[in-house]
Amino acid sequence: MQLEVILPLVAYLIVVFGVSIYAMRKRTAGTFLNEYFLGSRSMGGIVLAMTLTATYISASSFIGGPGAAYKYGLGWVLLAMIQLPAVWLSLGILGKKFAILARRYNAVTLNDMLFARYQSRLLVWLASLSLLVAFIAQ
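The sequence shown maps to residues 1 to 138 in the UniProt record's numbering.
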């Protein structure tokens, strides 16, 4: 291989290794999951809204949004446009309750919250399976 290909690759691998060592040390502090996944539970609604919008736009543009719009026409575009207000309303209604329960149980994921509240591994497995089926069915 050529040197101008190998050197950036080696530099990248060294940086990734360094970041992983840093993350491993931070993880042992005990608050890594809350900091990484939840932003230490300190972000406001505006940041959450921007994150959801960016996630939706990114997923739509990379996973077939333009192709579906071309294939199905304006109806699909209008259907896609209603999803953001629907998410906004559902978070406004359910989000605060979920946030209160997640803080009470120190849960990071929905399954953590279900297990902490109901103490049932079967319920967690069924919830995981239903989420998996829903993601695959899309």
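Yeah, the Cβ is synthetic: ideal placement off N, Cα and C, and Gly gets one too. These numbers were taken from a predicted model, which means no experiment stands behind them.
Considering Cα atoms alone, identify which of the options is closest to residue i.
i	options	result
residue 91	129, 46, 12, 61	46
residue 109	3, 17, 34, 24	34
residue 51	84, 99, 75, 14	84
residue 135	63, 14, 7, 86	63
residue 56	87, 20, 3, 44	87
residue 23	36, 13, 11, 12	36
residue 49	6, 3, 89, 125	89
residue 99	72, 73, 44, 120	44
Under 8 Å, do residue i and residue j count as touching if we go by C-beta distance?
i	j	result
residue 117	residue 101	yes
residue 80	residue 58	no
residue 114	residue 123	yes
residue 26	residue 32	yes
residue 111	residue 127	yes
### Query
So does the segment 60-73 actually touch the segment 34-42, counting three or more Cβ pairs closer than 8 Å?
no
### Message
Give the list of continuous alpha helix (DSSP H) stretches no shorter than 4 residues that lie fully inside the segment 58-109.
### Response
65-72, 74-90, 96-105
### Message
What ranges does the alpha helix (DSSP H) occupy inside the segment 21-45, keeping only unbroken runs of at least 4 residues that lie completely in it?
### Response
32-38
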